[in-house]
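Below is one structure, written out as structure tokens; the observations come after it.
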Amino acid sequence: AQKVTQAQTEISVVEKEDVTLDCVYETRDTTYYLFWYKQPPSGELVFLIRRNSFDEQNEISGRYSWNFQKSTSSFNFTITASQVVDSAVYFCALGQIQGAQKLVFGQGTRLTINP
Amino acid sequence: GAVVSQHPSRVICKSGTSVKIECRSLDFQATTMFWYRQFPKQSLMLMATSNEGSKATYEQGVEKDKFLINHASLTLSTLTVTSAHPEDSSFYICSASVAGFEQFFGPGTRLTVL
Numbered sequence: 001a002q003k004v005t006q007a008q009t010e011i012s013v014v015e016k017e018d019v020t021l022d023c024v025y026e027t028r029d030t031t032y033y034l035f036w037y038k039q040p041p042s043g044e045l046v047f048l049i050r051r052n053s054f055d056e057q058n059e060i061s062g063r064y065s066w067n068f069q070k071s072t073s074s075f076n077f078t079i080t081a082s083q084v085v086d087s088a089v090y091f092c093a094l095g096q097i098q099g100a101q102k103l104v105f106g107q108g109t110r111l112t113i114n115p
Numbered sequence: 001g002a003v004v005s006q007h008p009s010r011v012i013c014k015s016g017t018s019v020k021i022e023c024r025s026l027d028f029q030a031t032t033m034f035w036y037r038q039f040p041k042q043s044l045m046l047m048a049t050s051n052e053g054s055k056a057t058y059e060q061g062v063e064k065d066k067f068l069i070n071h072a073s074l075t076l077s078t079l080t081v082t083s084a085h086p087e088d089s090s091f092y093i094c095s096a097s098v099a100g101f102e103q104f105f106g107p108g109t110r111l112t113v114l
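Respectively, the protein sequence lines represent chains A and B. For the first sequence, this note's numbering gives the first residue as 1, with consecutive numbering after it. For the second sequence, this note's numbering gives the first residue as 1, with consecutive numbering after it.
This is how it looks when you write it as structure tokens:
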């Protein structure tokens with residue numbers, strides 16, 4: 001069975017602090033995709049990143065960075081120098097490459113950046 | 001590119017009535033569309049997967065007679081909540097996928113059943 005766990009339900013930090021959102025996944029598939037999405041109060045999901053299980057390189061995009069550790073089945077997301085606009089719910093998701101290509105979402109982490 | 005729209009964005013209906021939600025891929029042809037439901041402060045839960053011209057595949061625990069899905073074309077899928085009740089009030093999100101796997105999400109539809 002596929003499962004994604006985001007143990008942090010809510011995180012609150014002060015602006016400009018760095019913050020890391022944890023994501024741990026379970027799958028029996030040898031190949032898969034991992035995703036991060038942002039969901040602001042409007043509700044629309046904003047795609048942040050997709051990572052193929054073959055590619056364990058860390059990625060940086062501006063203030064965002066992702067650390068993929070296949071050995072520990074983790075795909076953590078770090079925001080550096082956080083800003084109030086980063087406040088949202090963040091979801092980690094696991095996707096099939098074969099078959100129905102379904103996505104399984106974690107429970108989400110509500111991030112609040114205080115001015 | 002890869003824009004997915006949903007209509008309506010919000011709907012309020014009386015208990016016992018049926019509500020139809022449309023999901024359209026505006027600038028691409030989607031081989032597969034997915035329907036998710038999200039209760040307040042909870043995660044997205046996949047309800048069903050539909051391929052154009054085929055019957056939808058429902059996830060365990062989702063009543064297919066209550067949540068009717070029609071995927072009549074490569075750009076349109078509809079979800080009809082039949083005989084809606086207050087417990088069906090939720091945020092419904094669709095996504096559309098092209099071959100090779102990339103799901104593009106719609107903006108969601110907030111359903112309130114009185």
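Backbone N, C-alpha and C fix where the C-beta goes; we use that ideal spot for every residue, glycine too.
Whose C-alpha, out of Val19/B, Cys13/B and Lys14/B, is nearest the C-alpha of isoleucine 69/B?
Ranking Val19/B, Cys13/B and Lys14/B by Cα distance to isoleucine 69/B puts Val19/B first.
Any contact between the region 80-90 of chain A and the region 103-114 of chain A? By contact I mean 3 or more CB pairs, one from each, below 8 Å.
Result yes; three or more Cβ-Cβ pairs closer than 8 Å.
Pairs of beta-carbons, one from the region 18-33 of chain A and one from the region 64-75 of chain A, closer than 8 Å: are there three or more?
Cβ pair count under 8 Å is three or more, so yes.
Could you check if alanine 48/B is buried or exposed, using at least 16 other CB atoms within 10 Å of its CB as the buried criterion?
Alanine 48/B should be labelled buried.
List the residues of chain B whose Cβ lies closer than 9 Å to the Cβ of glutamate 44/A, in chain order.
Ile93, Phe105, Gly106, Pro107 and Gly108, listed in chain order.
Does DSSP put valine 98/B in a helix, a strand or coil?
Valine 98/B: coil per DSSP, three-state reduction.
Would you report the Cα separation of alanine 30/B and serine 5/B, rounded to the nearest angstrom?
Going from the Cα of alanine 30/B to the Cα of serine 5/B covers about 13 Å.
What residue range does the beta strand (DSSP E) around glycine 95/A cover?
88-96 is the extent of the beta strand (DSSP E) around glycine 95/A.
Could you compute how far the alpha carbon of serine 82/A sits from the alpha carbon of lysine 16/A?
Whole-angstrom Cα-Cα distance: 5 Å.
Of all the CB atoms in chain A, is at least one closer than 8 Å to the CB of leucine 76/B?
Output row for leucine 76/B: interface = no.
Answer yes or no: do leucine 48/A and glutamine 39/A have a C-beta to C-beta separation smaller than 8 Å?
No, they are not a contact pair.
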